[in-house]
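For the protein sequence lines, the chains are A and B, in the order given. Going by my numbering, the first residue of the first sequence is number 818, and it counts up by one from there. Going by my numbering, the first residue of the second sequence is number 818, and it counts up by one from there. Here is the structure we will look at, set down as structure tokens.
Protein chains: 2
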Amino acid sequence: MATLKEVARLAGVHPSTISRALRNDPNLRISEATRRRILQAIEATNYHPNRVARSLKAQRTHLLGLMVPDIANPFFAVMLRGVEDVAGAWGFHVIVCNTDERPEKAEAYLHILMGRQIDGMLIATSHREDPIVQRLWREGYAIVLVNRLCELAQVPSVSLDEAAGMRLAVEHLLDLGHRHIAHIAGPPQVSTAHQRRRTFEEVMQRHGLLRPEWVVQGDYNRQAGYQAMRQLLQLPERPTALVAANDLAALGAISAAREHGLRVPADLSVVGYNDIPLAAEVSPALTTVRVPMSQMGARAAELLIARITGGAGQGCVAERVVLQPELVVRESTAPPAPRRRALAVGRGRGHGHRPAHARLP
Amino acid sequence: MATLKEVARLAGVHPSTISRALRNDPNLRISEATRRRILQAIEATNYHPNRVARSLKAQRTHLLGLMVPDIANPFFAVMLRGVEDVAGAWGFHVIVCNTDERPEKAEAYLHILMGRQIDGMLIATSHREDPIVQRLWREGYAIVLVNRLCELAQVPSVSLDEAAGMRLAVEHLLDLGHRHIAHIAGPPQVSTAHQRRRTFEEVMQRHGLLRPEWVVQGDYNRQAGYQAMRQLLQLPERPTALVAANDLAALGAISAAREHGLRVPADLSVVGYNDIPLAAEVSPALTTVRVPMSQMGARAAELLIARITGGAGQGCVAERVVLQPELVVRESTAPPAPRRRALAVGRGRGHGHRPAHARLP
DNA sequence: GTTGCGCACACAAACGATTGAGTGACGGCC
DNA sequence: GGCCGTCACTCAATCGTTTGTGTGCGCAAC
């Protein structure tokens, strides 16, 4: 690929002149004649500025990092798409890091990316008390948290109004007439799961309906939902409705309920969270709280880029954007069965019509 | 961040000494004493080599491009994960480009990435006659095609044995007893779709079962599958089984069939292609040809990195890896209904039990 | 006729690391 | 004792751009 020097020789000018011509340097006027010669030479050599050299000089790589648990998870893939679109429009590019929820992987990636002189970092892996996030923020790196918040530092972030989301879910079930509602909670060290659980407990408490044994610890995956549901089903009295930590946990819970002979939504209403693409396709289609993943990524990228390119003006305030969720009502929720005081249903009443769902994930 | 010069001053040696110490330069032996001083100074300043500067000097950025239609599509997200894992292990990083199947976006990205001096490119967007791929290859860029092949040039690639995949699908249906099999084809300009269609026609021809009107043009998305199925249902005689271009098209086809009052698999068996995560979760769970997406990405990354780092030894041969597919039998296929010569089923016989599926995607 | 001042460019020093080519000092050998 | 060779480094050029500081030239003013 041609360099500035060669183009300069061809155009009969000094390299610096071309550089200034290209970026329209205000304190240097260039005659029409040389400008034309320069453009011709650039055309002839198919010159494109070497961004590595430019980065070295300008101390700006236009490279962003995006830290996610696993990019194969559609939730984060859609987020990446949002990030990519905004970044690309601003001349930035994104390097993805999969941490698999392991702090040591995050730490390792961090050093590598710092060595690469990235301009900023989007973090979607934060824990509520994440020492890495805290350290980065204290050391003055440009970071923006996405979706998951960190309680140790007032870091700029784009997140969801989780309280509103959980209220939508619970109130939907209350409106349907449910009074016996359970919650399968997500990982407690993650802010989203924590807030969802706390809000669930608050709202239920306020209505005098909270039953501590109906809030069980789960995780953000299918298997955990399955296990948690089995736990719920062993209780003497069982709920008529359930809010799961996320859609995958909801699917696992539905599997367990079906194995136990329960029909969804006739015997058990289930509300998911996130509205992943799968949610609309399973049977019954999941009623769920929609999280605008793509928009979240896009807004976060905007925030980060503004922080990087923007002057010192707003550099000190940690902007925190909160997006609003939306309830998507589908088929997995219905009014409770007329027989109040639902008793534990006997086992072996059949497997429902979809044996495949009985498989463990 | 500390630079080599500062570390050198602290350690009392010349910067170049540190550089050589770090990369164990063979033609320079370093005394234990200075080595210790150097390591201490590095520790003290928390020095990490600036990869931008190194890239400029070494003419190697350790950056790879990955061109996909849309990273939000789980197929490509999983592929990216495979790429990322291998790349990371070799000290490479990946920049993702979403082309949305638009050549002008691909072209634009290309120039940007060339300016960034990326070391190589993974291309998952190739068309059968892709001028961009041809040009890149002719100009000597390090590229590897993933999944989709280009017929204009003998480019290194990692792809699937599509013929084997389609044979698995058709023979599975034949084994079940089907003789009336249709195919919804994918975009003809894409090699995978083209090969699937050609193999379908060959195999059916060989068995004397090919009916040209039962091979309809579709696309790799749900809506196209829906439309194509409606087309099939308007024919005087309808097939008892169907192989779709991919899983999404299969889902669309199932929707259309259901609207028409057909049950899957009782009245119509459907085989998908790809085995996306959704395939196992829908109802009925899709019988489908599994494409090892993650492995595909991983192998492609290995090939590309070998080509970049490897010497000129194997630089000239275009290695072409072909992976084998696997048939995953689930619930969407069954023997044909006993009544031979199936006639068009009357409309309005009900919508099946899942109205949601009737929605267009 | 010298000074002053724009104009339109050239020069050269960075940015931070790598690397081929030195360069003193020391030791061994004849 | 002079010479060569090794050891353990240092020097300086280089990668391709950017940018602050010249610099010659023409023109106008006094």
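We put the CB at the ideal spot given by N, CA and C, even for glycine. Because the structure is a prediction, the values reported are computed rather than measured.
Between which residues of its own chain and residue i is the CB-CB distance below 8 angstroms, once the five residues before and five after are set aside?
i, result
"isoleucine 960(B)", "Gly937, Met938, Leu939, Ile940, Val950, Leu953, Trp954, Val972, Pro973 and Leu1121"
"arginine 1147(B)", "Ala1096, Ala1097, Pro1101, Ala1102, Leu1103, Thr1104 and Thr1105"
"arginine 898(A)", "Ser1111 and Gly1114"
"alanine 1010(B)", "Ala1002, Gly1003, Pro1004, Tyr1037 and Ala1062"
Compute the beta-carbon to beta-carbon distance between residue i and residue j, rounded to the nearest angstrom, for a pair I have assumed lies under 8 angstroms.
i, j, result
"alanine 1061(B)", "glycine 1089(B)", "6 angstroms"
"alanine 1070(B)", "glycine 1042(B)", "4 angstroms"
"arginine 904(B)", "leucine 881(B)", "Note that residue 904(B) is alanine in the sequence shown here, rather than arginine. About 6 angstroms; that satisfies the 8 angstroms criterion."
"threonine 916(B)", "alanine 906(B)", "Actually they do not touch by this definition, with Cβ atoms about 27 angstroms apart."
"histidine 865(A)", "methionine 931(B)", "6 angstroms"
"glutamine 934(B)", "valine 869(A)", "5 angstroms"
"leucine 873(B)", "leucine 873(A)", "5 angstroms"
Going along the chain, which residues of its own chain have a beta-carbon closer than 6 angstroms to the beta-carbon of residue i, five neighbours each way excluded?
i, result
"histidine 1000(A)", "Phe1017, Val1032 and Val1060"
"valine 1194(A)", "Here chain A comprises residues numbered 818 to 1178, so residue 1194(A) is not present and cannot be evaluated."
"leucine 977(B)", "Val1108, Leu1140 and Pro1142"
"leucine 969(A)", "Glu946 and Gln951"
Roughly how many angstroms lie between the CA atoms of residue i and residue j, to the nearest whole one?
i, j, result
"glutamine 1022(B)", "arginine 1116(B)", "34 angstroms"
"proline 1155(B)", "alanine 1083(B)", "10 angstroms"
"threonine 1105(B)", "proline 1004(B)", "19 angstroms"
"glutamate 1098(B)", "arginine 996(B)", "28 angstroms"
"asparagine 844(A)", "arginine 871(A)", "20 angstroms"
"glutamine 1040(B)", "alanine 1073(B)", "10 angstroms"
"arginine 1080(B)", "proline 1029(B)", "24 angstroms"
"glutamine 1112(B)", "leucine 962(B)", "14 angstroms"
"phenylalanine 893(A)", "glutamine 857(A)", "45 angstroms"
"histidine 1174(A)", "threonine 878(A)", "Interpretation of histidine 1174(A) is limited by its pLDDT of 37, a score under 50 that renders its predicted location unreliable; the figure taken from the coordinates is listed afterwards. Their Cα atoms are separated by approximately 48 angstroms."
"arginine 853(B)", "alanine 889(A)", "43 angstroms"
"valine 824(B)", "proline 920(A)", "29 angstroms"
"leucine 1065(A)", "isoleucine 835(B)", "51 angstroms"
"arginine 1075(B)", "alanine 1067(B)", "12 angstroms"
"proline 1152(A)", "glycine 908(A)", "51 angstroms"
"isoleucine 1125(B)", "tyrosine 958(B)", "10 angstroms"
"asparagine 1038(A)", "alanine 875(B)", "44 angstroms"
"asparagine 841(B)", "serine 943(B)", "42 angstroms"
"arginine 846(B)", "isoleucine 855(B)", "14 angstroms"
Can you have a look at residue i and say buried or exposed, based on whether 16 or more other CB atoms are within 10 angstroms of its CB?
i, result
"methionine 1206(A)", "The question about residue 1206(A) has no answer, for chain A in this structure spans 818 to 1178."
"arginine 984(B)", "buried"
"histidine 1077(A)", "buried"
"histidine 928(A)", "exposed"
"asparagine 771(B)", "Nothing about residue 771(B) can be read from this structure; chain B reaches only from 818 to 1178."
"glutamate 979(B)", "buried"
"arginine 1014(A)", "buried"
"aspartate 947(A)", "buried"
"glycine 994(B)", "exposed"
"glutamate 901(B)", "buried"
"serine 848(B)", "exposed"
"lysine 822(B)", "exposed"
"glutamate 789(B)", "Because chain B in this structure spans residues 818 to 1178, residue 789(B) falls outside the shown range and cannot be described."
"glycine 982(B)", "buried"
"histidine 831(B)", "exposed"
"aspartate 1036(A)", "buried"
"glutamine 1188(B)", "No answer is possible for residue 1188(B): the residues shown for chain B start at 818 and end at 1178."
"alanine 1045(B)", "buried"
"asparagine 964(B)", "buried"
Just verifying my parser: in three-state terms, what is the DSSP assignment at residue i?
i, result
"glycine 908(A)", "coil"
"histidine 1024(B)", "coil"
"methionine 896(A)", "helix"
"tyrosine 926(A)", "helix"
"methionine 779(B)", "This structure does not reach residue 779(B), given that chain B is present from 818 up to 1178, and the question cannot be answered."
"alanine 1180(B)", "There is no way to answer for residue 1180(B), as the model of chain B reaches only from 818 to 1178."
"glutamate 1030(A)", "helix"
"isoleucine 847(A)", "coil"
"leucine 1120(B)", "helix"
"arginine 837(B)", "helix"
"histidine 989(B)", "helix"
"leucine 1068(B)", "helix"
Can you list, in chain order, the residues of its chain with a C-beta nearer than 7 angstroms to that of residue i? Leave out the 5 residues immediately preceding and following it.
i, result
"arginine 1107(A)", "Asp1092, Pro1142, Glu1143 and Val1145"
"proline 1094(A)", "Pro891"
"proline 1109(B)", "Leu1140"
"aspartate 887(B)", "Phe893, Asn915 and Asp917"
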